[in-house]
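Asks:
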Amino acid sequence: MELINNAPEVPAAVGPYSQAVRANGFLFCSGQIPINPASGKIEATEVEGQTRQVLANIKALLASQGLDLTRVVKATVFLQSMADFPKVNALYDEAFSGHKPARSTVQVAALPLAALVEIEVIVELP
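Everything in the sequence shown is counted per the working numbering, starting at 1335 for the first residue and increasing by one.
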């Protein structure tokens, strides 16, 4: 098992966990919230901007490991409000460019730092 904790262009973890873990042929990525890595803060106030930042953070984490979204086999989307599902879904579909990994979407009572969206992915390693 290898812990990934210093991926460039990815926000630092906001708790005692790794950005990702390599194990058994997979990369298990911790959930990404919409923190802008340059400022260390959530800047977008609407779900579209937050979703774009989350997806950018995921892409940066995967790129730091020589991977991209086409290797994702499972995603979990956490939403503060299921009313945001259509907006998040459209941006997710655009980012994944037709690649359709297995996915779950759940509404939660709250997310860290009052984020509106969080996404975690599991990636098959080459």
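C-beta atoms are modelled at their ideal positions from N, C-alpha and C, and glycine is treated no differently. None of the values given here were measured: they were computed from a predicted structure.
1) Which full runs of the alpha helix (DSSP H) of 4+ residues lie inside the segment 1392 to 1450, going along the chain?
2) Could you check what DSSP says for Ala-1390 in three-state terms: helix, strand or coil?
3) How should Leu-1361 be labelled, buried or exposed, when 16 other C-beta atoms within 10 angstroms of its C-beta is the threshold for buried?
4) With DSSP collapsed to three states, give me the class of Glu-1377.
5) Quick test of your reading: Ser-1352 and Ser-1364, contact by CB under 8 Å. State the CB separation rounded to the nearest angstrom.
6) Hey, would you say Asp-1418 sits closer than 9 Å to Leu-1450, going by beta carbons?
7) Measure from the alpha carbon of Phe-1430 to the alpha carbon of each residue in Ala-1346, Pro-1345, Lys-1408, Gln-1384, then state which is nearest.
8) Is Val-1442 close to chain C? Criterion is C-beta to C-beta, closer than 9 Å.
9) On the three-state DSSP scale, how would you describe Glu-1343?
10) Buried or exposed: where does Ala-1341 fall if 16 or more other Cβ atoms within 10 Å of its Cβ makes it buried?
Replies: Checking against the coordinates, here is how it stands:
1) 1419 to 1430
2) As a working note, residue 1390 is residue 56 in the sequence shown. In this structure, Ala-1390 counts as helix in the three-state DSSP scheme.
3) Sequence index remark: in the sequence shown, residue 1361 carries index 27 (1-based). Buried.
4) Your numbering for residue 1377 matches position 43 in the sequence shown. The answer is coil: DSSP assigns Glu-1377 none of H, G, I, E or B.
5) Position 18 of the sequence shown, counting from 1, holds the residue named residue 1352. Position 30 of the sequence shown, counting from 1, holds the residue named residue 1364. Sure, about 7 Å apart at Cβ, within 8 Å.
6) As a first step, residue 1418 must be located in the sequence shown, where it is residue number 84. As a first step, residue 1450 must be located in the sequence shown, where it is residue number 116. Cβ atoms of Asp-1418 and Leu-1450: closer than 9 Å.
7) By 1-based counting over the sequence shown, the position of residue 1430 is 96. Nearest of Ala-1346, Pro-1345, Lys-1408, Gln-1384 to Phe-1430, Cα basis: Lys-1408.
8) This model lacks chain C altogether; it includes just one protein chain.
9) Within the sequence shown, the letter at position 9 stands for residue 1343. Coil, per DSSP.
10) The count along the sequence shown starts at 1 and reaches residue 1341 at position 7. Buried, by the Cβ-count rule.
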